[in-house]
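Okay, structure first, notes after.
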Amino acid sequence: MSGKMLHGVEQSVRRFFRLPRGTPRHPSPVVPTLRIWGFCLAVGALAAWAGRDEGPIVMTLATVWSMLDDVIDGVRHRWPAFAAGLAVGWAVNRLAHASLHAPDGSWGEYAVFASTTLAALATFVALTRLPRRER
-3 MSGKMLHGVE QSVRRFFRLP RGTPRHPSPV VPTLRIWGFC LAVGALAAWA
47 GRDEGPIVMT LATVWSMLDD VIDGVRHRWP AFAAGLAVGW AVNRLAHASL
97 HAPDGSWGEY AVFASTTLAA LATFVALTRL PRRER
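Residue numbers for the sequence shown follow the working numbering, so the first one is -3 and each next one is one higher.
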């Protein structure tokens, strides 16, 4: 590997974890996030209708991918918002499974994961809209 290419990879990895000073940080956009949630609902409903078990997995992956895409773009409070979105999504999932005892088949799982993905995405978007801390 050439030194120039290695330096470019190093900068890309460094930028993923820490943005340079002065980089504009905007909140996560709401409409594309709602489109992702609509996609999750459609995929989950189609999988539940077909009796497949892959619907919740695809819904979860689409949610995490959407949040990670916004983190890569450099939204405000990106890592705390990502961690909080994952934590809230996991907590809603655990609470829904505990309260439903045993969700009946595919449609029960669909309802659980629809609420899980909504809670995770809503938390992520809400935290990226908090005002910036002035130094």
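C-beta atoms are modelled at their ideal positions from N, C-alpha and C, and glycine is treated no differently.
Starting from GLY101, trace the alpha helix (DSSP H) both ways and give me its first and last residue. 101 to 124
Quick one: what does DSSP say THR19 is sitting in, helix, strand or coil? coil
Beta carbon of VAL84 nearer than 8 Å to that of SER24: no
Let me confirm a value: ILE68 is counted as buried when at least 16 other C-beta atoms fall within 10 Å, else exposed. Which label applies? exposed
Contact defined as beta carbons within less than 8 Å: I believe ALA58 pairs with GLY51. What is the distance between those atoms, to the nearest angstrom? Actually they do not touch by this definition, with Cβ atoms about 11 Å apart.
Sequence-distant residues of its chain with Cβ nearer than 7 Å to MET55 (five each side left out): CYS36, VAL39, GLY40, PHE109 and THR113
Out of LEU96, HIS73 and GLY104, point me to the one whose CA is closest to HIS22's CA. HIS73
Run of the alpha helix (DSSP H) containing ARG14, from where it starts to where it stops: From DSSP, ARG14 is part of no alpha helix (DSSP H); its letter is neither H nor E.
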